[in-house]
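Going down the list, the protein sequences come from chains A and B. Just so we're aligned: 34 in numbering that gives the first Met the number 0 is position 35 of the first sequence, and the numbers increase by one with no gaps anywhere. Just so we're aligned: 40 in numbering that gives the first Met the number 0 is position 41 of the second sequence, and the numbers increase by one with no gaps anywhere. First comes the structure, then the notes that go with it.
2 protein chains.
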Amino acid sequence: MKLTSKGRYAVMALVDLARFDNINPVSLRDISLRQGISLDYLEQIFSKLRKKEIVQSVRGTQGGYILNKKAKEIKLINIFEAVDEKVKTVQCKKESKKGCNGKAVKCLTHNLWDELENHINDFFDKKSLEDLVKDNSVRRV
Amino acid sequence: MKLTSKGRYAVMALVDLARFDNINPVSLRDISLRQGISLDYLEQIFSKLRKKEIVQSVRGTQGGYILNKKAKEIKLINIFEAVDEKVKTVQCKKESKKGCNGKAVKCLTHNLWDELENHINDFFDKKSLEDLVKDNSVRRV
DNA sequence: ATAAACCTGACTAAAATAGTCAAGTATCTT
DNA sequence: AAGATACTTGACTATTTTAGTCAGGTTTAT
């Protein structure tokens with residue numbers, strides 16, 4: 000099990016974004032330079048974040064992105080969902096040979112993965128972007 | 000983020016194994032049939048489990064595998080570690096351009112992944128094979 | 001006008017995953 | 001002793017996912 004870069008980059012970029020006043024848009028180019036993430040890849044990521052209304056775009060010169068909600072209201076779970084980084088622990092096939100269809104007959108460990116999923120989602124549900132920004136400014140002191 | 004089949008299969012197979020008296024060895028063939036996991040793949044997995052002393056092998060006819068410890072003492076974390084399924088959330092490169100080397104300069108979200116890792120490992124650390132076996136027999140009633 | 005910056009979709013190299021395949025070795029049963 | 005069962009090991013491979021790149025736009029401030 001591992002977290003992919005896409006999810007990590009999304010969070011990194013948003014923390015970077017959130018650290019600036021969300022009155023002036025921040026350009027992806029700046030984030031790219033500061034965080035060392037490919038600009039093209041950032042664009043893919045932000046396209047998804049925009050569709051899920053986590054950020055707002057400002058086109059044209061001096062444009063960029065701003066947060067669409069308060070940092071406190073943006074939870075990690077929202078970010079991960081936006082970039083398709085799901086915590087999927089079970090993949091019991093639809094055309095299940097061995098009968099694990101999530102309903103009547105469950106595989107021996109079905110409940111376990113459900114529990115795990117909840118456990119992880121709990122974490123992502125509680126953590127907000129604001130928490131991360133604060134965490135960084137505290138460490139900076 | 001997702002759990003891979005290898006880890007899931009390892010747990011499924013061990014729960015299956017643990018449900019039988021661990022006096023009579025259980026053959027991989029039986030597990031393969033019951034759980035619908037390829038025999039060849041199971042062999043790879045059990046080879047690793049044996050090296051980490053989670054199971055013991057009994058060769059020859061009527062052979063198979065038995066648990067090497069009490070089900071209560073086998074934690075999920077041991078199983079995942081044995082089959083190389085690590086919870087690796089951060090992959091800050093050694094030759095880091097942007098300075099996240101895990102020491103002096105951390106990337107904006109380094110602490111977050113550490114926390115997450117601990118959170119997940121906690122779960123795996125508390126859950127034993129016995130818990131899973133019990134969980135199944137309860138549901139069976 | 002023109003440059004900065006967003007926007008979109010298609011493409012691709014590399015890695016990981018989920019196995020398969022082949023050729024053993026050990027041990028129990030008869 | 002022979003045969004069957006079952007563990008043991010290592011190499012191989014198709015598929016999928018990941019982590020991007022690339023090309024060609026559109027929008028808007030100056």
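All C-beta atoms, glycine included, are put in the ideal place defined by N, C-alpha and C. A quick note: this is a predicted structure, and the numbers were derived from the prediction, not measured.
The beta strand (DSSP E) enclosing residue i, as first and last residue numbers
| i | result |
| --- | --- |
| Leu-66 (chain B) | 63-66 |
Per DSSP, cross-strand counterpart(s) of residue i
| i | result |
| --- | --- |
| Val-54 (chain B) | B:Leu-66 |
| Ser-136 (chain B) | According to DSSP, Ser-136 (chain B) bridges with nothing at all. |
| Ser-127 (chain A) | A:Lys-74 |
Residue range of the alpha helix (DSSP H) that includes residue i
| i | result |
| --- | --- |
| Ser-37 (chain B) | That residue, Ser-37 (chain B), is in no alpha helix (DSSP H); it is neither H nor E in DSSP. |
| Leu-107 (chain A) | Counting along the chain, Leu-107 (chain A) falls outside any alpha helix (DSSP H), and DSSP gives it neither H nor E. |
Three-way DSSP call (helix, strand, coil) for residue i in this model
| i | result |
| --- | --- |
| Val-25 (chain B) | strand |
| Lys-74 (chain B) | strand |
| Phe-19 (chain B) | coil |
| Val-82 (chain B) | coil |
| Gly-6 (chain A) | helix |
Cβ neighbour criterion (16 or more within 10 Å) applied to residue i
| i | result |
| --- | --- |
| Ser-37 (chain B) | exposed |
| Thr-108 (chain B) | buried |
| Gly-62 (chain A) | exposed |
| Gly-144 (chain A) | A question about residue 144 (chain A) goes unanswered here, because the residues of chain A that appear run from 0 up to 140. |
| Ser-127 (chain A) | buried |
| Glu-42 (chain A) | exposed |
| Asp-15 (chain B) | buried |
| Asn-135 (chain A) | buried |
| Ile-22 (chain B) | exposed |
| Val-137 (chain B) | exposed |
| Leu-131 (chain A) | buried |
| Leu-32 (chain B) | exposed |
Should the segment 58-78 of chain A be called in touch with the segment 108-124 of chain A, which here means at least 3 C-beta pairs below 8 Å?
Yes, they touch.
Taking 8 Å as the threshold, find out whether the segment 109-116 of chain B comes into contact with the segment 45-53 of chain B through three or more Cβ pairs.
Taking a cut-off of 8 Å for Cβ pairs, the segment 109-116 of chain B and the segment 45-53 of chain B do not touch, as fewer than three such pairs fall below it.
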